[in-house]
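**Q** Here the sequence shown is numbered in UniProt numbering, starting from 1 and rising by one per residue. Cβ atoms here follow ideal geometry from the backbone N, Cα and C, with glycine treated the same way.
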Amino acid sequence: MATQWIGVLQPPDGEESNLIDPVNQLGNNIALHTVCLTLATAGVAIRIYTRVGILKSKLGLDDYFVILSWCLTVAFSGLMFESYHWGIGRHMWDEPVTWLVPALKYFTIAQYVYLLLTPAVKLSFLFFYYRIFAPDRTMRYLILGGIAFVSISHVTVFFLTIFSCTPVSHAWNEFGEGKCWNPTILPYLSGALSSTTDLYVLLLPIRSCLGLNMTLRRRLRLLAVFSIGIFACVTSLIRLGQTHILTDSTDATWNISHIAVWAVLECNVGIFCSCMLLLPRFVERYFPKGVTSYFSRLWSSNGGSKKERSVSNGPWKDGSWQSPKPWEKSASKPAAIELGSTESLNRQSLTV
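Listed below in structure tokens is the structure:
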């Protein structure tokens with residue numbers, strides 16, 4: 001029998017090796033990556049357009065880190081797609097032995113990208129906080145301390161992971177000569193660090209946000225953003241909790257796929273959550289009376305009666321878009337939000 005048609009492991013009792021069309025997680029994984037990338041891409045596009053096109057301001061470090069995060073998550077998904085092609089998501093007894101090294105190679109490189117992706121997402125939040133809360137001396141120090149800790153700790157883990165094997169290629173090709181450190185230490189260290197910094201980034205602005213002078217509607221928007229952030233933290237904790245699966249099980253190609261699911265959710269939800277901070281300004285610009293009202297007016301202009309169109313409220317009248325009058329603009333202008341009791345937030349500041 002040709003070597004390529006030999007499974008990496010012998011199947012356990014009650015199982016049979018299937019190298020042609022085995023049970024795998026490919027379909028679910030591709031769907032998850034596609035949905036997450038679509039949401040992240042839409043969020044980043046809306047954020048950048050809102051910053052430049054609506055707020056008429058320059059991109060800041062927070063925006064650049066969001067763009068960097070998006071580039072890294074695209075690279076991460078691309079590498080994972082290639083690893084799925086080589087058998088990640090199959091059981092080890094359904095994995096041709098000649099596929100194992102390419103599969104682990106692409107997954108390992110994807111892991112390196114992930115170790116840069118997670119701090120990039122966190123730094124986008126921290127620099128956004130700095131844009132808003134810098135006048136508060138205590139918050140400024142907490143944010144700068146967080147930026148320094150996230151940068152140094154995650155970069156350290158990144159290089160420790162890369163050089164944990166000698167040569168580096170021994171991380172995915174154990175058939176050659178080489179050695180690696182204890183494989184259980186770095187995954188737990190990385191997971192614990194990521195979960196801890198996730199919680200720090202999530203909880204850091206709560207005290208200051210409670211002191212902002214804003215309407216109940218805006219407080220609810222802010223609560224929605226933090227709720228999504230909590231979900232990202234939960235996915236990080238779940239991924240940490242599943243680390244033992246990789247270290248205790250021999251079915252690596254199958255279990256890697258399970259853990260990758262939570263990594264994809266954690267990073268892309270984080271990116272989308274950071275972009276939601278500017279989403280209200282986009283909505284207020286294009287849906288000033290709400291999304292439901294917009295579609296109601298759109299239906300009236302296309303399918304309603306002429307009378308209905310003539311009395312419809314808002315800028316959509318008689319089937320054409322009319323610019324709001326000056327008094328309409330001022331009436332819909334959001335109320336100012338203040339930081340504490342003295343510092344006013346300008347138009348580049350918190351918009352939820």
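#1: So the alpha helix (DSSP H) S190 belongs to, where does it begin and stop?
#2: Can L126 and V155 be called in contact, C-beta distance under 9 Å?
#3: Taking 6 Å as the limit between beta carbons, can you name the residues of its chain near V201, skipping five residues before and five after?
#4: Between the stretch 33-42 and the stretch 76-85, do at least 3 Cβ pairs fall closer than 8 Å?
#5: Output needed for F158: all residues of its chain with C-beta closer than 8 Å, excluding positions within five of it in sequence on either side, in chain order.
#6: CB-CB under 8 Å to I238, same chain, minus the five flanking residues each way: which ones, in chain order?
#7: Which residues in the same chain have their Cβ closer than 7 Å to the Cβ of G229, if we skip the five residues on either side of it in sequence?
#8: Which class does T215 belong to by DSSP, given the choice of helix, strand or coil?
#9: Assuming T50 and W70 form a contact by the criterion Cβ under 8 Å, report the distance between their Cβ atoms to the nearest whole angstrom.
#10: Taking Cβ to Cβ, would you say Y110 is nearer than 9 Å to A260?
#11: Would a C-beta distance cut-off of 9 Å place T108 and S194 closer than the cut-off?
#12: Can you have a look at N313 and say buried or exposed, based on whether 16 or more other CB atoms are within 10 angstroms of its CB?
#13: How long is the line joining the alpha carbons of G178 and T250, rounded to whole angstroms?
#14: By Cβ distance, which residues of its chain are closer than 6 Å to Q10, with the 5 residues on each side in sequence left out?
#15: Quick check: the Cα distance between A120 and I54, rounded to an integer number of angstroms?
#16: Alpha carbon to alpha carbon, what distance is there between I271 and L186?
#17: Name the DSSP bridge partner or partners of K179?
#18: Start and end of the alpha helix (DSSP H) containing L39?
#19: Let me check understanding here. Comparing Cα to Cα, which of H244, F287, I48 lies closest to G191?
#20: From the DSSP secondary-structure annotation, give me the bridge partner or partners of R90.
#21: Reducing DSSP to helix, strand and coil, say where P96 ends up.
#22: The alpha helix (DSSP H) with L265 in it runs from where to where?
#23: Could you name the residues that DSSP lists as bridge partners for G7?
#24: Keeping to the same chain, check which residues put their C-beta closer than 8 Å to that of W172; ignore five residues upstream and five downstream.
#25: Determine, using beta carbons only, whether S77 and L37 come nearer to each other than 9 Å.
#26: Alpha carbon to alpha carbon, what distance is there between Y286 and T292?
#27: So the alpha helix (DSSP H) P280 belongs to, where does it begin and stop?
#28: Using alpha carbons as the reference points, say which of N268, R218, E15, F282 lies closest to S236.
#29: By the DSSP assignment, the alpha helix (DSSP H) with L210 in it spans what residues?
#30: Using DSSP with H/G/I as helix, E/B as strand and the rest coil, what is A134?
#31: With a 10 Å radius around its C-beta and 16 neighbouring C-beta atoms as the bar for buried, classify Y129 as buried or exposed.
#32: Just confirm the distance between the C-beta atoms of W5 and P96, as a whole number of angstroms; I'd bet it's less than 8 Å.
#33: Measure from the alpha carbon of A75 to the alpha carbon of each residue in V264, E284, R281, L277, then state which is nearest.
#34: May I ask you to report which of helix, strand or coil DSSP gives P12?
**A** Answer, in terms of the structure:
#1: Note, S190: alpha helix (DSSP H), 185-203.
#2: Against a cut-off of 9 Å, the Cβ pair of V155 and L126 comes out as no contact.
#3: Within the same chain, V201 has close Cβ partners K122, F125.
#4: Between the stretch 33-42 and the stretch 76-85 there are three or more C-beta pairs closer than 8 Å, enough to call the two in contact.
#5: When the five nearest sequence neighbours on each side are left out, the beta carbons in the same chain lying within less than 8 Å of the beta carbon of F158 are those of Y112, L115, L116, in order along the chain.
#6: These residues qualify, in order along the chain: W262.
#7: Contacts found: L202, C273.
#8: For T215, the secondary structure class from DSSP, reduced to helix, strand or coil, is coil.
#9: With 8 Å as the limit, T50 and W70 do not qualify as a contact, their Cβ atoms being about 15 Å apart.
#10: The sequence as given places Ala at residue 110; Tyr does not occur at that position. In this structure, A110 sits near A260, with a CB-CB distance shorter than 9 Å.
#11: Between T108 and S194, the C-beta gap is not smaller than 9 Å, which leaves the two residues out of contact.
#12: Any reading at N313 must be qualified, since the residue scores a pLDDT of 42, below 50, and its modelled position is unreliable; no value is offered.
#13: When the Cα atoms are used, G178 and T250 turn out to be separated by approximately 20 Å.
#14: Correct list: empty, nothing qualifies.
#15: Approximately 25 Å, taken between the alpha carbons.
#16: About 25 Å.
#17: In the DSSP output, where bridge partners are listed per residue, K179 has T166.
#18: 26-49 is the extent of the alpha helix (DSSP H) around L39.
#19: Just measuring C-alpha positions, the residue of H244, F287, I48 sitting nearest G191 is H244.
#20: The partner list for R90 (beta bridge, DSSP) reads N24, I88.
#21: Shown here, P96 sits in a strand according to DSSP, grouped into three states.
#22: Note, L265: alpha helix (DSSP H), 252-276.
#23: Paired residues: P96.
#24: Spatial neighbours of W172 in its own chain (CB-CB distance under 8 Å, excluding positions within 5 residues in sequence) are listed in chain order as V101, L104, K105, F107, T108.
#25: Remark: C-beta atoms of S77 and L37 approach each other more closely than 9 Å.
#26: Any reading at T292 needs caution, since the residue's pLDDT is 47, under 50, leaving its predicted position unreliable; the model's value is listed next. About 12 Å.
#27: Looking at the DSSP string, the run of the alpha helix (DSSP H) that includes P280 is 279-286.
#28: S236 has its Cα closest to that of N268, out of N268, R218, E15, F282.
#29: Note, L210: alpha helix (DSSP H), 206-210.
#30: DSSP places A134 in the coil class of the three-state scheme, outside both helix and strand.
#31: That one is buried.
#32: 6 Å between Cβ atoms; contact.
#33: Check the Cα spacing between A75 and each of V264, E284, R281, L277: the tightest is with V264.
#34: Coil.
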